[in-house]
Ligand SMILES: *Cc1c(COP(=O)(O)O)cnc(C)c1O
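Residue numbers (our numbering): 223 to 597.
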């Protein structure tokens with residue numbers, strides 16, 4: 223099946239007891255034991271599994287082309303649980319411009335526990351990854367495209383380094399989505415998603431997923447941490463995420479198309495210094511984009527000529543595009559990243575934009591009138 227069909231049908235069946243087309247939300251925390259003492263209907267306690275979460279896990283594993291999926295209450299929880307499956311004394315290599323919250327987890331929570339991380343700029347320099355390898359390197363993490371600089375990392379090349387040393391290779395596929403990037407085909411062992419973004423797609427539900435290419439002992443450990451640790455999403459969140467997934471391929475395809483139009487407009491505008499959009503030929507790694515991505519979704523960045531105040535003033539004049547953090551929802555969003563990233567190297571005049579599903583002509587008109595007001 224193609225992704226559009228999988229997004230609607232994988233793991234789905236009509237409710238056998240009622241014939242209902244839409245799934246029920248099973249809020250029950252506990253399930254009946256059979257007279258023989260077993261749980262033959264498959265459910266015992268909500269933390270171990272419930273119908274809504276299992277359907278979601280099957281859907282996500284199928285879309286990503288993986289063998290198994292474990293859902294968590296957020297993308298950050300998914301990463302924390304993944305890292306907790308490592309041992310004290312292990313070493314991992316992560317991107318220097320990795321999602322900020324995960325950097326905080328590594329620096330403030332896991333470093334004092336004895337998990338050591340080397341942050342390297344993998345997009346710029348593969349030899350830096352090789353140079354960071356130690357005897358105890360157990361995991362290499364990649365996040366591509368990066369946020370907000372939209373740098374691309376060669377997934378396959380980093381994977382070769384990981385496999386040479388027998389390390390687990392993890393790719394955060396949140397920004398590209400399974401529609402546009404297939405890390406398992408390029409050597410990844412585990413794929414991470416914050417389902418809060420493009421997958422759920424309506425800015426109304428938090429979630430995170432770990433997906434395994436194969437059911438390994440390491441992934442068994444993750445299931446154990448999921449079940450016993452309990453950082454799991456509730457059934458209602460799973461239901462909302464499943465509802466969002468059904469339109470994910472169509473939404474993401476449209477966002478890609480609209481974002482290309484908006485990026486092109488910005489690229490030709492005299493008040494814009496630079497546009498960072500991987501699908502544009504002006505992107506310094508456009509060749510790598512063509513090699514490993516099938517589209518660029520709706521997230522990109524651009525720099526307004528002038529300083530931070532000028533960039534912020536521009537956002538204050540927008541009427542349709544909203545000044546909020548996060549990305550991936552149906553409403554277009556814009557954010558001045560440098561002012562929310564502590565100790566950042568992000569340029570002061572950079573804005574990150576997440577194109578939603580409004581008509582691109584309206585988005586372009588909104589940007590045009592706002593730029594006119596900061597002349
Ligand atoms: C948002 C995000 C996360 C964290 O996910 P939450 O669901 O917000 O906890 C991790 N990685 C990337 C790339 C993200 O964009």
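Ideal Cβ placement from N, Cα and C applies to all residues, glycine included.
With DSSP run on the structure shown, which of helix, strand or coil describes residue i?
i	result
residue 394	strand
residue 480	helix
residue 297	helix
residue 433	strand
residue 413	strand
residue 463	helix
residue 510	helix
residue 284	helix
residue 556	strand
residue 228	helix
residue 292	strand
residue 545	strand
Along the chain, where does the beta strand (DSSP E) that runs through residue i open and close?
i	result
residue 579	Residue 579 -> no beta strand (DSSP E), and no H or E assigned at all.
residue 338	338-342
Under the criterion of a Cβ to heavy atom distance below 7 Å, does residue i qualify as lining ligand 1?
i	result
residue 220	Not covered by the structure: residue 220. The range shown for the chain is 223 to 597.
residue 391	no
residue 369	yes
residue 321	yes
residue 286	no
residue 330	no
residue 423	no
residue 377	no
residue 419	yes
residue 451	no
residue 365	yes
residue 397	yes
residue 298	yes
residue 394	yes
Which residues bound the alpha helix (DSSP H) around residue i?
i	result
residue 326	322-326
residue 503	Element bounds for residue 503: n/a, residue is neither H nor E.
residue 401	399-402
residue 380	377-386
residue 443	439-451
I'd like to confirm the pairing. Which residues does DSSP put opposite residue i in its beta bridges?
i	result
residue 359	313
residue 364	393
residue 521	576
residue 267	252
residue 562	Residue 562 is not bridged to any residue.
Once you ignore the five residues that flank residue i on each side, which residues in its own chain have a CB closer than 8 Å to its CB?
i	result
residue 299	430, 453
residue 406	286, 287, 288, 413, 435
With a threshold of 7 Å on Cβ separation, who are the neighbours of residue i within its own chain once the five nearest residues in sequence on each side are excluded?
i	result
residue 387	355, 359
Identify, in the order they occur along the chain, each residue of the same chain with its Cβ nearer than 6 Å to the Cβ of residue i, setting aside the five sequence neighbours on each side.
i	result
residue 366	374, 375
residue 284	228, 232
residue 574	370, 523, 557, 559
Measuring from the CB of residue i, is there a heavy atom of ligand 2 at a distance below 7 Å?
i	result
residue 576	As presented, the structure is devoid of ligand 2, carrying ligand 1 as its sole ligands.
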